[in-house]
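Just so you know, the protein sequences line up as chains U and H, in that order.
The numbering of the first sequence is our numbering, which starts it at 11 and goes up by one.
The numbering of the second sequence is our numbering, which starts it at 446 and goes up by one.
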Amino acid sequence: MATTTVTHKNKSYFGTKVGLYLPLIITLIISIFPFYWMIVGATNHSSKMFTNPPTLSFGNQLATNLSNLNDSVGIWRVLFNSLLVSLVYVALSLTICTLAAYALSKFEFKGKRVIFTVLMLSMMIPYQATLIPLFRLMADFHLLNTYFALIAPQLVFPFAIFLMRQNFIAFPTALMEAARIDGAGELKIFLTIVIPSMKPALAATAIYLFMMQWNNFMWPLVATTSSNMYTFPVALSSLIGVSIIDYGQVMTGITIATIPIIIFFLLLQKQFISGMLGSAVK
Amino acid sequence: MTRNRSIPYWFLMPALILFIIFTIYPILSSLILSFEKLDQGTYVFAGFANYVRLFHDTVFYKALENTFIILVIQVPIMLILALILASALNSKLLKLRGFFRVSFFMPAVTSLVAYSILFSILLQDNGLINHLLGYVGIKPVHWLTTAIGAKVSIILAMTWRWTGYNMVIYLAAMQNIPEELYEAASLDGAGKFRQFINVTVPQLKPVILFTAIISTISTLQLFDEPYNLTKGGPGDATMTLGLYIYQNGFKYFDFGYASAIAYIVVIIVAILSYVQFKVTGDE
């Protein structure tokens, strides 16, 4: 009797395990496989993308695809544009949003509630509602096709303010008070006492802002008309707007757009996830 | 102490100035623009003309319909899948939780344009997905060339990208559910499924509401996927409000009309967020 109970128990335990792992493994394959296939595509000729049985092994066309891609969109120029725009954007936006978040969390002043509420409510306004006036504004000042136009409009990113504010709230105000009694200036308190303990939060917010700008599509599509000012997503999109599409170079392009971010993500998972989730970083 | 009064305003100033120029001004300007019409090179007041035109515009209705079909089907499927995956990852029996978590989250960091293009290649008539379906005896599906297929393609692609993201949110929230609730349910004879329905889901209600609102707002603005994956086609089968705003603004350069559509989206977002709060949230 005892042994049958044990085997029965083992069996249902085994069943639970299969029931648990099988769907997860299927989801895993669905999540990961497109990345693998993308890299395979980047190393193969255009025609290999549609063979039956499917081509699942690496080819030797990467160099050819890369040079074709460069001929079509000037890949290094476009990559440079995207990197420059994203990095400058992160540096400026992080500074501006952090300063604002600090004021909104550590000080009491007139209009605080109103300002915070308006900032948060603006997150609900679809970006498309600001697109046309922004375009006209840039056009009026002859700023289309400039780095300024690509960087400026979203420098105040309410979500980043929200994220930093949560972390400032958790910072002990007593430490600031102690420094004030010692006669330290407000800027000094901010830079030497508060900011050094905010490094994880700043990293998470910076990563979020970088990803947002790196992947941004609609505004760069509108704000750039000459191909030497295209950002990476706009250049990629232009590759499939032609009548005869070279899928090899397209796959190479999307691989270059994706793999660095994935590697970056794998190295800094914690900061990525807390940044994207908007949760406080501990 | 009086010198301290102005300090927060100095910290806030750069953000406030930029916010007024690049957010407040455009929001108000496009509201005004939505009541204007181009007349001999300048925009002049046109009353509700743009909004009246919307009521007779079949493409607008099509875009509205498509956006809602995608919203009503995609968001619930994705959120339910995310909930199920999160509770599977939360199981004590599971090993390699971190590995699964990171792998499922990975699609959420890929560029919207890149994944849309990738899916547009995978889903072609002689593409990889149809070949794989062939192995299990399913005939090739015309993903991108039929009205239904194109909508399904967008739904599949969005679900691929965003499920893991929502799952990680749920998984984080599940850590805060007191273990006693499960023990009590277990003593009452509730199985894993009943525990999921009666403990997990009610406990996660505020988080589910949050993800539903975020997904709704972003789906109503859907642009990158229809632009790159289906190009709004075939016909106008995947024309979305976001794509239609872009077309009117930057293909036909009808800024007044495009602004009117954008404001319809603003109103819909406001109404839906309000309804979702009322229906799901008590506090």
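Think of the CB as a built atom: it goes at the ideal place given N, C-alpha and C, for glycine as much as any other residue.
These figures come from a predicted structure and were not determined experimentally.
Using beta-carbon positions only, say whether U/N225 and H/S556 come within less than 8 Å of one another. As a working mapping, residue 225 of chain U is identified with position 215 in the first sequence. As a working mapping, residue 556 of chain H is identified with position 111 in the second sequence. Yes, these two residues count as a Cβ contact at 8 Å.
In the structure shown, what three-state DSSP assignment does H/V489 receive? Residue mapping note: residue 489 of chain H aligns to position 44 of the second sequence, counting from 1. Three-state result, H/V489: strand.
Determine, using beta-carbon pairs with one atom in the segment 454-468 of chain H and one in the segment 201-216 of chain U, whether at least three such pairs fall under 8 Å. no
Does the ligand ATP have a heavy atom nearer than 7 Å to the CB of U/V128? The ligand ATP is not part of this structure, which contains no ligands at all.
Mind checking which residues open and close the alpha helix (DSSP H) that includes H/L578? Locating residue 578 of chain H in the second sequence gives position 133, counting from the first residue. First-last of the alpha helix (DSSP H) with H/L578: L573 to Y580.
Pairwise C-alpha distance: U/S247 and U/T61: Working through the first sequence from its first residue, we reach residue 61 of chain U at position 51. Working through the first sequence from its first residue, we reach residue 247 of chain U at position 237. C-alpha separation (whole angstroms): 24 Å.
What residue ranges within the segment 93-138 of chain U form continuous alpha helix (DSSP H) runs of no fewer than 4 residues, ordered along the chain? 122-132
DSSP has H/L483 in a bridge; who is on the other side? Within the second sequence, numbered from 1, the residue matching residue 483 of chain H stands at position 38. Bridge partners of H/L483: H/Y488.
Quick check: what's the CA-CA separation for U/L66 versus H/K637? For this step, residue 66 of chain U is matched to residue 56 along the first sequence. For this step, residue 637 of chain H is matched to residue 192 along the second sequence. When rounded, the distance between both Cα atoms is 39 Å.
In chain order, what residues of the same chain have a beta carbon less than 7 Å from the beta carbon of H/V652, not counting five sequence neighbours either side? Mapped onto the second sequence, residue 652 of chain H falls at position 207. Cβ neighbours of H/V652 beyond the five flanking positions: I614, Y615 and A618.
Assuming H/E670 contacts H/I599 under a Cβ cut-off of 8 Å, what Cβ separation, rounded to an integer in Å, is found between them? Along the second sequence, read from residue 1 onward, the residue named residue 670 of chain H stands at position 225. Along the second sequence, read from residue 1 onward, the residue named residue 599 of chain H stands at position 154. Their Cβ separation, rounded to whole angstroms, is 5 Å, which keeps H/E670 and H/I599 in contact under 8 Å.
U/P270 to U/T262, Cα distance in whole Å? On the first sequence, residue 270 of chain U is found 260 positions in, with the first residue counted as 1. On the first sequence, residue 262 of chain U is found 252 positions in, with the first residue counted as 1. Computed Cα separation, rounded: 13 Å.
Going by C-alpha distance, which of U/A170, U/I199 and U/I171 is nearest U/T183? Translated into the one-based positions of the first sequence, residue 183 of chain U becomes position 173. It is U/I199.
For U/F145 and U/V232, which I take to be in contact (beta-carbon distance under 8 Å), what is that distance rounded to the nearest angstrom? One-based indexing of the first sequence puts residue 145 of chain U at position 135. One-based indexing of the first sequence puts residue 232 of chain U at position 222. Confirmed, about 5 Å.
Helix, strand or coil at U/K27 [DSSP, three-state]: Start at 1 with the first residue of the first sequence, and residue 27 of chain U comes out as number 17. Three-state DSSP puts U/K27 in a helix.
Measure the C-alpha to C-alpha separation of U/I142 and U/F151 and round it to an integer number of angstroms. Taking the first residue of the first sequence as position 1, residue 142 of chain U is located at position 132. Taking the first residue of the first sequence as position 1, residue 151 of chain U is located at position 141. In a straight line, the C-alpha of U/I142 is about 14 Å away from that of U/F151.
So, is the C-beta of H/I622 closer than 8 Å to a C-beta in chain U? Position 177 of the second sequence, counted from the first residue, corresponds to residue 622 of chain H. With 8 Å as the cut-off, H/I622 does not count as an interface residue toward chain U.
In this structure, does DSSP put H/W588 in helix, strand or coil? Residue mapping note: residue 588 of chain H aligns to position 143 of the second sequence, counting from 1. Here H/W588 sits in coil by DSSP.
What are the residues of the segment 78-102 of chain U that lie near chain H, defined by any Cβ-Cβ distance shorter than 7 Å? none
Chain-ordered chain U contacts of H/V597 [CB-CB under 7 Å]: Position 152 of the second sequence, counted from the first residue, corresponds to residue 597 of chain H. By Cβ distance, chain U contributes nothing, its closest Cβ being about 15 Å from H/V597, past 7 Å.
Range of the contiguous alpha helix (DSSP H) that encloses H/G694: The count along the second sequence starts at 1 and reaches residue 694 of chain H at position 249. L686 to F695 is the span of the alpha helix (DSSP H), which, as asked, contains H/G694.
Can you find a CB in chain U that lies within less than 8 Å of the CB of H/A705? The residue you call residue 705 of chain H lines up with position 260 of the second sequence. No, H/A705 does not count as interfacial toward chain U.
Look at the alpha carbon of U/L173 and the alpha carbon of H/M603, and state the distance between them as a whole number of angstroms. Taking the first sequence and counting its residues from 1, the one referred to as residue 173 of chain U is at position 163. Taking the second sequence and counting its residues from 1, the one referred to as residue 603 of chain H is at position 158. Straight-line Cα distance between these residues: approximately 25 Å.
Are any of the Cβ atoms in chain H nearer than 8 Å to that of U/K198? Translated into the one-based positions of the first sequence, residue 198 of chain U becomes position 188. Not an interface residue.
Return no unless some Cβ of chain H is closer than 8 Å to the Cβ of U/K58. Locating residue 58 of chain U in the first sequence gives position 48, where the first residue counts as 1. With 8 Å as the cut-off, U/K58 does not count as an interface residue toward chain H.
U/T147 versus U/T105 - alpha carbon distance: Within the first sequence, numbered from 1, the residue matching residue 147 of chain U stands at position 137. Within the first sequence, numbered from 1, the residue matching residue 105 of chain U stands at position 95. The sequence shown places Leu at residue 147 of chain U, not Thr. When rounded, the distance between both Cα atoms is 24 Å.
Across the segment 278-288 of chain U and the segment 543-558 of chain H, are there enough close Cβ pairs to call them in contact, namely three or more that are closer than 8 Å? yes
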